[in-house]
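Protein chains in written order, with my numbering: chain A, 76 to 623; chain B, 76 to 623.
Quick reminder that beta carbons are idealized off the backbone N, C-alpha and C, glycines included.
Have a look at the structure below, then the notes.
So, in structure tokens, the structure goes:
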């Protein structure tokens with residue numbers, strides 16, 4: 076504060092010119108401007124923005140009446156159903172923090188999260204009653220109030236899950252609830268536990284300001300129109316569906332809900348509702364492009380897809396382009412609200428071949444428009460690596476779309492923010508055009524005879540073989556070389572390929588030392604978000620460590 | 076701060092997760108991601124984002140080296156040329172505040188603003204040398220450093236305006252200048268004096284946070300693509316061109332520069348560069364749709380246009396629709412960074428007739444997506460008026476895209492923000508669908524026999540007459556009725572209409588008491604931004620007051 080600065084005298088913030096940034100404002104606006112536009116589609120159910128706003132206000136009001144407020148946690152264990160969408164607004168309206176639980180977790184993990192996050196309320200779909208009964212038994216007297224979502228699509232549980240059902244809870248609330256914006260835009264809006272392959276998961280705390288900005292970011296990066304029709308192939312429990320519940324409120328889009336990712340369900344929905352946009356991990360797109368072609372018949376419009384969650388194999392990028400799905404590759408992590416980098420397409424790429432474009436679009440790219448910066452930093456110096464496509468460093472982010480930190484974990488928080496950057500743990504190079512290309516997770520790199528081998532590079536080669544549906548490459552201990560690549564491969568239904576054939580195929584595309592020494596056939600284990608569980612495979616390969 | 080709130084412990088802001096919101100970040104990103112995409116087009120000149128960033132950094136660096144920094148003002152008097160665009164980045168990079176001067180001001184007004192704003196530097200086009208010599212003479216020893224922009228399109232001034240020219244100043248600076256984001260996003264970025272029809276103008280101070288958000292707002296409200304081609308028909312001195320210099324940096328658009336609004340210049344530019352977007356007051360579009368049709372030949376693509384600055388006459392909305400210009404009606408004021416409301420189109424309007432759509436699109440509408448709220452408040456109670464299309468109140472805004480206040484004018488600032496809303500001085504009704512429709516400026520309303528007459532309604536009727544190019548209606552004192560409407564009308568070139576004919580025409584469309592009692596033919600005086608100067612007309616009509 077310069078006492079002599081005329082621009083600071085009598086020009087303070089006041090209620091007219093300063094309001095907390097919060098995505099709750101988007102819902103209020105869409106309900107006012109487009110009250111009768113469709114917000115939610117689920118089976119035969121339709122819900123417009125006016126109805127959705129009223130239901131969210133009821134939820135916020137009912138929670139508040141039951142004593143839930145600022146600093147409290149409301150956990151949900153729900154598939155992509157309307158109640159999950161509503162929770163993204165109703166819970167923060169009460170002032171509380173939304174903790175979405177991965178629906179594939181086991182009872183121990185759920186119990187840990189409910190306890191660590193101090194959830195006062197748990198809203199859960201009855202599909203998950205068996206695992207939740209176990210988890211709640213572990214909590215004993217510390218169990219939260221449990222609210223059951225009774226979806227007609229699911230048979231009632233053997234014993235009811237909760238004290239009351241979701242519609243009863245809403246009925247307790249006021250559809251005209253005078254909710255308040257957060258006192259401070261830095262207030263927490265969500266708690267998401269990282270899938271953490273081992274050890275206790277970390278609770279990523281995000282804030283209203285970041286959720287607001289990333290919701291807008293999605294619109295700007297993807298040039299979203301007003302009223303898109305968005306298919307929920309991405310779990311909303313995964314970093315709040317990359318902020319898309321809030322993005323849909325900003326552009327008054329229609330959310331097509333979906334309990335599970337199955338091409339036999341997805342294609343009819345795309346056809347019936349003329350779905351315009353979707354998001355997902357490569358595995359989702361892989362399923363779609365490998366589904367029987369008759370499922371696609373009658374679909375003539377293009378669908379725009381964001382792809383992230385793992386570096387997309389070239390075969391997926393090519394397959395989608397051929398199938399009328401216009402992919403945009405984004406990259407991020409829970410700690411940065413989902414997408415925080417985008418492989419921004421350059422107009423001149425349009426003139427290149429499909430293969431060249433796939434190569435370029437397979438990179439993680441540049442900072443999202445409203446994210447401040449992405450950089451690849453040399454771990455030794457903390458300085459950016461040379462943009463030469465060879466020098467490897469760690470991908471780091473900085474900006475307003477970065478978490479507050481890890482809940483009750485100051486050590487991990489300080490480590491993640493060392494040097495004024497958020498450290499992702501992903502290793503990458505920077506190409507001469509400034510685009511970041513991930514080479515590996517730091518723990519996934521294979522070191523063979525002193526040479527670094529990118530497991531992703533080997534996987535990319537395998538994915539180009541026509542018989543391969545999924546491939547994962549990990550280190551296998553080797554007396555001579557230290558480590559050598561070992562491949563786990565899942566073939567397409569009906570397709571055949573031998574170990575020798577795949578090794579030969581890789582020889583044609585890779586340097587000799589990068590070629591897998593061994594190929595194991597079978598289903599590749601994945602997390603609920605489509606990430607391959609390499610720690611399981613490392614175990615099977617007899618690798619250096621199952622901790623990874 | 077609740078000591079017991081786990082979401083506030085060890086989860087503070089740090090350089091990794093909190094950065095000041097500033098539109099300067101957009102320029103840095105476009106220069107990095109799209110270095111060779113076109114940023115500026117001016118005559119034969121082309122400048123890409125990399126070059127533009129380097130020039131802006133030179134400007135910021137040169138200003139800083141000359142002692143300009145935080146709390147200082149840099150004034151510019153420039154048409155829509157590249158230097159004007161660059162000033163929107165280079166000046167705030169130095170930490171200073173950009174004060175754009177209306178290029179049609181007289182010497183007294185310029186001298187007042189330079190003195191009141193304490194400008195340390197003035198960057199000016201040599202076209203304005205005559206008036207600036209006078210203004211600077213009035214300032215005497217308090218004159219700022221004057222930098223002249225020597226545009227080849229303009230003959231050199233009789234005596235040079237400044238100590239140095241703009242290119243010399245840039246040459247003093249460093250193209251790699253390590254500029255800093257503002258310490259605080261609440262820091263001032265621009266100072267804009269309101270055109271104020273009488274009395275001393277007020278200096279509207281805006282901040283980095285608002286400029287950032289409104290730049291994004293323009294993208295979201297208008298569904299701007301990446302790389303639009305934007306024609307500068309709107310003066311950048313008018314609320315920083317509604318934030319579009321910053322919007323263009325966000326979407327890496329090409330700015331087609333333009334010294335003056337003339338259809339004979341505009342149509343060839345639209346054709347040559349395939350202009351996709353433009354903004355302007357109704358007068359701009361009126362000129363375009365009334366220009367000789369041969370100017371338009373060969374233009375087959377659609378142009379999207381934002382229109383604001385005055386309520387658009389129905390004839391303009393209809394004319395543009397017929398001419399392939401897709402208008403979106405926005406509304407705002409300098410105090411809210413330009414557009415702050417938008418007449419958001421409803422999908423169901425597509426099925427209506429042109430006339431019906433024009434009626435609906437002629438309203439000021441709803442809050443801009445990232446503006447918090449617009450409301451029409453009853454001056455007596457401060458409460459929203461009933462949405463009945465009849466109850467009149469004052470249009471008020473609230474949110475993050477509202478000025479800091481008026482420079483060195485705490486009284487006017489407090490008045491503008493009374494009750495936690497920014498008061499526009501515009502009178503409006505709210506239609507049952509929640510859309511705001513301005514009926515008049517509070518000072519423009521005509522009170523005849525106790526009935527309020529909206530001057531805009533009468534002007535709309537006159538504009539529908541085929542011979543009318545521009546019309547303005549003001550109050551004329553009347554012994555019996557208090558006031559009666561008096562119309563000032565400018566006819567299209569070659570068109571003819573008598574006073575009696577226009578009065579008859581209005582009788583067919585308006586209630587008797589609203590029909591102009593008198594019609595005066597001649598040029599209608601306008602401000603540089605296309606607003607009709609009603610205070611001049613009130614004088615001519617012998618109205619109650621020239622102060623208005």
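As for any beta strand (DSSP E) of minimum length 3 sitting wholly inside the segment 351-428 of chain A, the runs are 352-355, 378-382, 400-408, 413-417, ordered along the chain. Membership of residue 515 (chain A) in the beta strand (DSSP E) is indicated by the continuous run 511-516. Under the 8 Å criterion on CB atoms, residue 188 (chain A) is classed as non-interfacial with respect to chain B. For residue 145 (chain B), the three-state secondary structure derived from DSSP is coil. Secondary structure in the segment 450-476 of chain B: the beta strand (DSSP E) runs of 3 residues or longer, each lying completely within the stretch, are 468-473 in chain order.
Under the rule that a run must span 4 or more residues, the alpha helix (DSSP H) segments found entirely inside the segment 162-194 of chain B read 182-191.
Taking 8 Å as the cut-off, the beta carbon of residue 276 (chain A) is found no closer than this to the beta carbon of residue 152 (chain A).
Across the segment 301-312 of chain A, CB contacts with chain B closer than 8 Å involve 301, 302, in sequence order along the chain. In this structure, DSSP gives residue 528 (chain B) an extended state, which the three-state scheme calls strand. Neighbours of residue 164 (chain B) in chain A, taken as residues at a C-beta separation under 7 Å, are lacking, since the least C-beta distance is about 17 Å. Straight-line measurement puts the Cα of residue 160 (chain B) at about 38 Å from the Cα of residue 409 (chain A). Classified as buried, residue 498 (chain A) has 16 or more neighbouring CB atoms from the shown chains inside 10 Å of its CB. Contact between residue 473 (chain A) and residue 495 (chain A) holds: their C-beta atoms lie close to 7 Å from each other, under 8 Å.
When the five nearest sequence neighbours on each side are left out, the beta carbons in the same chain lying within less than 8 Å of the beta carbon of residue 349 (chain B) are those of 304, 376, in order along the chain. Taking the CA atoms as reference points, residue 475 (chain A) sits about 17 Å from residue 489 (chain A). Each residue's CA atom was taken as its position, placing residue 449 (chain B) and residue 105 (chain A) some 14 Å apart.
Of all residues in the segment 113-145 of chain A, those with a C-beta nearer than 8 Å to a C-beta of chain B are 145, reading in chain order. Non-local beta-carbon contacts of residue 224 (chain A) in its own chain, meaning distances under 8 Å to residues more than five positions away in sequence, involve 153, 156, 158, 198, 199, 200, 201, 240, 241 in chain order.
Closest option to residue 326 (chain B), judged by alpha-carbon separation, among B:107, B:575, B:80: B:107. The beta-carbon of residue 513 (chain B) is placed no less than 8 Å from the nearest beta-carbon of chain A. Below the 8 Å Cβ cutoff, chain B contributes 298, 299, 300, 301 as neighbours of residue 298 (chain A), in chain order.
Your pair residue 184 (chain B) and residue 149 (chain B) does not check out as a contact, with CB atoms roughly 18 Å apart and the cut at 8 Å. When secondary structure is reduced to three states using DSSP, residue 491 (chain A) falls in the helix class.
Per DSSP, the unbroken alpha helix (DSSP H) holding residue 343 (chain B) starts and ends at 338-348.
Between residue 553 (chain B) and residue 530 (chain B), the CB-CB gap reaches or exceeds 8 Å. DSSP places residue 125 (chain A) in no beta strand (DSSP E) but in the uninterrupted alpha helix (DSSP H) bounded by 124-140. In this structure, DSSP gives residue 555 (chain B) a state outside helix and strand, which the three-state scheme calls coil.
Using beta-carbon distances, residue 201 (chain A) does not count as an interface residue toward chain B, since no partner is under 8 Å. Bounds of the beta strand (DSSP E) holding residue 596 (chain A) are 593-596.
Residue 288 (chain B) is not a Cβ neighbour of residue 99 (chain B), given a cutoff of 8 Å. Using a CB distance cut-off of 8 Å, residue 458 (chain B) does not count as an interface residue toward chain A. Here the segment 541-550 of chain B lies against the segment 561-574 of chain B, with 3 or more beta-carbon pairs under 8 Å apart. In the three-state scheme derived from DSSP, where H, G and I count as helix and E and B as strand, residue 256 (chain B) is classed as coil.
Residues of the segment 95-106 of chain B with a C-beta atom less than 8 Å from some C-beta of chain A are 96, 100, 101, 104, listed in chain order. Taking 7 Å as the Cβ-Cβ cut-off, the segment 488-505 of chain B approaches chain A at 488, 492, 495, 496, 497, given in chain order.
Taking residue 513 (chain A) as reference, the option from A:313, A:338, A:406 with the minimal CA-CA separation is A:406.
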